[in-house]
Amino acid sequence: MSRSFLFLHGWRNLRPAGHWQYQTAMNLAARGEIVEYPSMPLPDTPQLEEWLRVFESSWERMKGEHIVVAHSLGTTLWLHAAALGFVADRVLLVAPAGPTFLKEEKLVSSFASLPPKLADPKWRVVCSDVDPFCIEGAVNWLSPEDFDLIPGGGHLALSDGYGNWPSLLQWCEEPQTRIVGR
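For the sequence shown, numbering that gives the first Met the number 0 gives the first residue as 0, with consecutive numbering after it.
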């Protein structure tokens, strides 16, 4: 069975080559996997409707098993897409942006009204205990059945040391893999 990976980046992310999402997407593509890693419009002043249009275009190109790997505001994009009826076979939500941040940061306000259903048993959350973009703690507000907590990981971004991330790449190949910090 074929499979496709969809990487959804976050706020102010210009897809730098050193970021773990870029590294993972390129590694998977080099192995012959189908990878969608769209550049979302206006990453500094994102609008949900515009990001959803780009998401839908990427989704339409996917084949076989649908695997979503989202970071930060990209996780919020996935929550909205799932509320619209999109269903993935596997989902990894990395460092989800929290409700307080979404409500207080005016530049991302179009993402702030979160859908009522926030979790699905097939989704795994990877988060830190000290994420400045999720003061609630992702495990607390999403209540996922499956999660990997990375102590002291910050926002799990390039600025926190998250470039090449071997356990995350391994999860893409083997979903039972536990994701650990770098």
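From the three backbone atoms N, C-alpha and C, an ideal C-beta is built for every residue, glycine too. From a predicted model like this one, the values you see are computed outputs, not experimental measurements.
- Counting every other CB atom within 10 Å of its CB across the protein chains shown gives leucine 13 a total below 16, marking it as exposed.
- With respect to the C-alpha of histidine 154, the residue from Phe4, His8, Ser3, Ala80 having the closest C-alpha is His8.
- In summary, leucine 92 is buried, with 16 or more beta-carbon neighbours lying within 10 Å of its beta-carbon over all protein chains present.
- Look at arginine 30 here: in three-state DSSP terms it is coil, with no helix or strand label.
- Cβ neighbours of aspartate 130 within its own chain (closer than 6 angstroms, five residues either side excluded): Ala94, His154.
- Contact between tryptophan 140 and glycine 180 does not hold, since the beta-carbon distance rounds to 21 angstroms and is not under 8 angstroms.
- The beta carbon of valine 34 lies closer than 6 angstroms to those of Phe4, Ala24, Leu27, Ala28 in the same chain, with the five residues before and after it left out.
- Pairing glycine 136 with glycine 63, the inter-Cα distance amounts to about 33 angstroms.
- Inclusion of glutamine 20 and histidine 65 in the CB contact set at 8 angstroms is not warranted, their separation being larger than that value.
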